[in-house]
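Remarks on the structure that follows.
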Amino acid sequence: MYSFTMVKSNPIFALTMQFLYPYFLWALVALTIPVIIHLFYFKRFKKVYFSNVRYLKEIKEETSNRNKIKELLILLSRLLAFACLIFAFAQPFIPKGEKIKQGLPLVSIFIDNSFSMTSEKEDIPLLDYAKEKALKIVDSYGEEGKFQIITHDLFGKHQRLLSKEDAVAYIEEIRFTALVQPLSKITARQNQLFKDEEGDKSFYHISDFQKSIFDYENVKDSVGEINLLPVQTAQLQNISIDSVWMDNHVAMMQQPNNLLVKMTNHAPQTTEQVRISILIDGQEKPIRVGDFEAGSTMIDTIPVVLKSRGAHKITLKISDYPVQFDDEYHVALHVPDTIIALNIYEGAPNKYLTALFEGLPYFGLKNQPFNQIQYQEFSKYNLIIIQDVSNITSGLSSELSKYIREGGKVLLFPSVDNNPVSYNTFLNSLNAGRLELKPNSGIEVSRINTEEFIFKDVYNKIQSNITLPKANKSFHIQNSSRNAGEPILTNRDGSLFMCKYTYEDGLLYLCASSLSENVNNLVLNAEIFVPMLYKMAISGVGQKKIAFTITNKSIIEIKNTGVGGDNVYSMKGENEFIPGQKRLGNKVLLDVGDQVKKAGFYDIMNGDQVLESVAFNYDRLESDMKLLTSDEMEENLGENRLGIHIISETEQNDMTNTISAKDKGISLWKYFLLAVLLFLMVETLLIRLWRTSS
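Just so we're aligned, residue 513 is where the sequence shown starts under my numbering, counting upward by one.
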C-alpha cells in the first residue's frame, strides 16, 4: 500500500499531493469520450416555412448561444464530477512534513487482556472493544502487511510475524488472563521481534491504561512508532485482599494460627457493610461485617484453629462488586505430623531438655550419643541441638554446615571443656562469630529481645520479677564482621548470652554457656527455656510459602522423596500438568512456568499420592482501578522523546483514515467525493433551472 506513489525520486519533504493508487488515473482518458461526443453532436431540424424570418433569426441566434453555454457548463460539471471520482479512487494525500514511510508494513498490536478489561461499556466487555479495534487496524493495512499480535500472556507464539488472515485468527482467539505486564515490557518484546526486520514499523497498544502498568518512562528506545488507543469506561470502585501471611513459621494443630490479612479500599468514598468470611477446607465461616474508609489500607488478624494434621486449604473472601478477581485470597497451610528435634550429646542427655519435649504436644526429641551420629538422617529433623560436645569433628562440622545451608536449624551449647579450635573452625565455616573463654566466670542475662521471632508475642508484658538466666562459667561471643549475630538474650555487660546467625537458607542459634544445670540455670527457668525451644523448633529463614502469585516465574520447593532421582512429580488443580523439575540435594525445585491459569489450589502429586497442596492467587497489580485520561497520559509522557501518539476516540472510529493520515499525511479522497456530489448538484441545477428555447 505504501509503495504506490507518483514520486520516484528521493524522499520528499514538500507538501505536494500524491496518490496511493495512481493507476486509477488512467481512467481520466475516458473523459475524452463525452468531449468527442459533444464536438460531433448533430441535431436534426424540421423545416418550417415563414413569410418573414428576420425576427426569428435574431431569436435563433440568441437561443443558440445560450444553449451552447448551458451545454458547455453541464459538460464541464460532468467532467469535473467524473474526474473527482477518479481522483477519489486514486486516494490522493498530502504527505507529512517528514520522510515518507517506505517498505513493507510491519505492525505490532498489543491487546490488553487483563482482568481490568472485564469492565463493561454498554454491556460489552472492554476486551471485545479492544479486539474490534485491533481487527480494524489489521484491515486498514491490507493483505501486504505483516503483523505481530501480543497480549499480557507473552506466549512464545507471539514472537512471530503473521499474515492478515492469521492475525485475524489470533485476535479472535484472545481470552482473559491472570498475567499482567508493565507496558515497558510489552514494548521491549515488540522491539525484540522487529529490531532486525526491514520495513515500516508501527506499534499499537490497545488498553484501558491503568496507572499501575503505564511505565513508558522505562522504555529507552523503540524501533517502531508507538500509538496508544485508550479503551475505557467509567472509573470503577474496588476493594482488594492484597496479601495474607502467618505470624508463625509453622501451622499448629488445636491452637490459634494467626493469619494477617492486608486489604485496601481503592474507592474515593467509604464502602459500607463489607463482609469478610473465611473458608477452611470448604467450610465457610463469617468473620465480620463493617465499613471500609475511602483510600485506606488495613491489616486484620484472623485466628484459624486447625483440627487435624496435614494439608489445609483456606480462602479469605470479601464482598465486593463489580471487580471480583481480587476478592478472594487462597492460602495452603500444612500441620506437620510431629516436629522432631535431634539432641547430639556427650556424656548424658539433659533430663530437662528431654522432659520439655515430652511435655509439648506434637513435638518429639531423639537423643543420640556423639559417637553414634547418623548423618544421613539429619534432613528428617526440624532442629538439631548440640549439647556439651567437647570437640566438633570435621565430619560433624561438614554435615551441620550442609544441614544449615539447606534450611536446617542448629542450637549450639558449647562444653566448658571444649576444643576451642574445633568450635571456631565450625563457626568460621558459617561466617559466624568466635568463642573466647571469659576470665570472669559469672554472667547474668538482663535483656530479652522481644522484637526477634523467638520471644516475639510470648509475653504481654515482661514482669519485673521474672527470673532471668545466670551462668557461672561462659564464653564471650565475638561477632564476625561478615555476619553479625542478632541478639536474643543479652547480659548485663552488653555481651551476648544467646544469639542467632543466618547462613544461606538456615539458622544457627549460639549460646555462650553450657546446657548443664551445674553451669547454667537456663534449663531451670521454664518461663524462658520452654518458649525459647518451642519457637526455635518452629522457626526458619525460608519458611514455606503459603501462597504463590500466578506469574511465569513461580518456583515451588519440595522435599525430594524419590530414590535415585527417578520420580516425576505432577500438579493437579484446575488443570493437570507436569512442571519443570530440578533436584538439589534433598530438595526438588518445581518450575510451574505459565501452566497455572486460574487461581485456586493445586496438589503436588507423586503418582497417586498427594505430597502437599499449594495455593495460587491472581496478581494484585491491577487492583487499583485508576485509569489515566489522555491528558494524564500526555503529562506522564512528559517530553515524549519516543514520539508516542495517543489516538483519540474520534480517530479510532475511522482507523483506516487515521492510519493513512498518520503514515502518509492528510488524506484527500473524502474531499474529492464531496466535490463529486457538488458538481452533480450543479449539473442538476443547470438542467432544471436554466430554461432555454429549443
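Using N, Cα and C, we set each Cβ at its ideal position, and we do this for glycine too.
Rounded separation between residue i and residue j - CA only
i: isoleucine 966; j: asparagine 703; result: 51 Å
i: proline 768; j: histidine 842; result: 18 Å
i: phenylalanine 516; j: aspartate 754; result: Model confidence at phenylalanine 516 stands at a pLDDT of 38, short of 50, so the residue's coordinates are unreliable; what they give is reported in the following sentence. Straight-line Cα distance between these residues: approximately 55 Å.
i: asparagine 862; j: lysine 982; result: 18 Å
i: tyrosine 514; j: phenylalanine 605; result: Residue placement at tyrosine 514 cannot be trusted, given a pLDDT of 38 that sits under 50; the coordinates are not used to answer.
i: isoleucine 481; j: phenylalanine 1184; result: Since the displayed the chain opens at 513 and closes at 1206, residue 481 lies outside it and no answer follows.
i: valine 1126; j: alanine 1059; result: 7 Å
i: cysteine 1011; j: proline 815; result: 30 Å
i: threonine 1063; j: phenylalanine 875; result: 37 Å
i: phenylalanine 987; j: leucine 923; result: 15 Å
i: leucine 947; j: isoleucine 830; result: 53 Å
i: asparagine 1131; j: leucine 939; result: The residue asked about is misnamed: residue 1131 is aspartate in this sequence, not asparagine. Rounded to the nearest angstrom, the two C-alpha atoms are 42 Å apart.
i: isoleucine 1067; j: lysine 1057; result: 10 Å
i: valine 1194; j: serine 1160; result: 37 Å
i: glutamate 710; j: leucine 616; result: 8 Å
i: leucine 1096; j: isoleucine 698; result: 34 Å
i: threonine 1073; j: glutamate 1134; result: 39 Å
i: asparagine 770; j: aspartate 759; result: 6 Å
i: serine 913; j: serine 941; result: 7 Å
i: tyrosine 864; j: glycine 871; result: 11 Å
i: alanine 539; j: isoleucine 545; result: 11 Å
i: glutamine 671; j: isoleucine 686; result: 15 Å
i: valine 476; j: alanine 853; result: Because the chain is modelled from 513 through 1206, residue 476 falls outside the range shown and cannot be assessed.
i: valine 933; j: alanine 844; result: 45 Å
Simplified DSSP state of residue i, which is helix, strand or coil
i: tryptophan 1202; result: coil
i: leucine 1101; result: strand
i: phenylalanine 1060; result: strand
i: lysine 921; result: strand
i: threonine 783; result: strand
i: lysine 985; result: coil
i: proline 523; result: Model confidence at proline 523 stands at a pLDDT of 39, short of 50, so the residue's coordinates are unreliable and nothing is read from them.
i: glutamate 963; result: coil
i: phenylalanine 706; result: helix
i: glutamine 530; result: strand
i: threonine 813; result: strand
i: glutamate 1144; result: helix
i: tyrosine 857; result: strand
i: arginine 701; result: helix
i: glycine 711; result: coil
i: lysine 973; result: coil
i: glycine 876; result: strand
i: leucine 597; result: helix
i: valine 1108; result: coil
i: glutamate 932; result: Sequence inspection shows proline at residue 932; the glutamate mentioned does not correspond to that position. If DSSP states are grouped into helix, strand and coil, proline 932 belongs with the helices.
i: serine 752; result: strand
i: serine 620; result: strand
i: methionine 764; result: coil
Counterpart residues of residue i in DSSP-defined beta bridges
i: cysteine 1011; result: Pro999 and Leu1022
i: tryptophan 757; result: Leu772
i: aspartate 1115; result: Lys1084 and Ser1125
i: arginine 800; result: Ile788
i: serine 719; result: Pro742
i: glycine 1092; result: Asp1103
i: arginine 687; result: In DSSP, arginine 687 forms no bridge with anything.
i: histidine 1157; result: Asn739
i: methionine 629; result: Paired residues: none, contrary to the question.
i: arginine 946; result: Gln990
i: asparagine 1152; result: Looking at the DSSP assignment, asparagine 1152 forms no beta bridge with any residue, so it has no partner.
i: leucine 1139; result: Gln722
Candidates the options, of which the one nearest residue i by Cα
i: lysine 892; options: Val901, Tyr864, Leu908 and Lys921; result: Lys921
i: aspartate 1143; options: Lys1012, Ile1000 and Lys723; result: Lys723
i: serine 1028; options: Pro926, Ala1187, Ile621 and Tyr1015; result: Pro926
i: glutamate 784; options: Leu1123, Arg800 and Ala1187; result: Arg800
i: serine 993; options: Ile978, Leu1001, Pro780 and Gly945; result: Gly945
i: cysteine 596; options: Ala1187, Glu1195 and Gln1164; result: Ala1187
i: aspartate 1136; options: Leu592, Tyr716, Leu647 and Phe721; result: Phe721
i: serine 734; options: Ser714, Gln749 and Ser752; result: Ser714
i: asparagine 1165; options: Val743, Phe1113 and Ile548; result: Val743
i: isoleucine 811; options: Phe837, Val773 and Ala679; result: Val773
i: glycine 1006; options: Asp969, Ile960, Gly1018 and Leu1045; result: Ile960
i: isoleucine 897; options: Phe882, Lys580 and Gly907; result: Phe882
i: isoleucine 1158; options: Leu673, Tyr716 and Met775; result: Tyr716
Notebook entry, point to check: Counting only runs that start and end within the segment 816 to 855, where is the beta strand (DSSP E) found for 3 or more residues in a row?
Noted result: 822 to 830 and 840 to 847
Next item on the list: Would you list, in sequence order, the uninterrupted beta strand (DSSP E) runs of no fewer than 3 residues that lie entirely inside the segment 650 to 683?
Entry: 658 to 662
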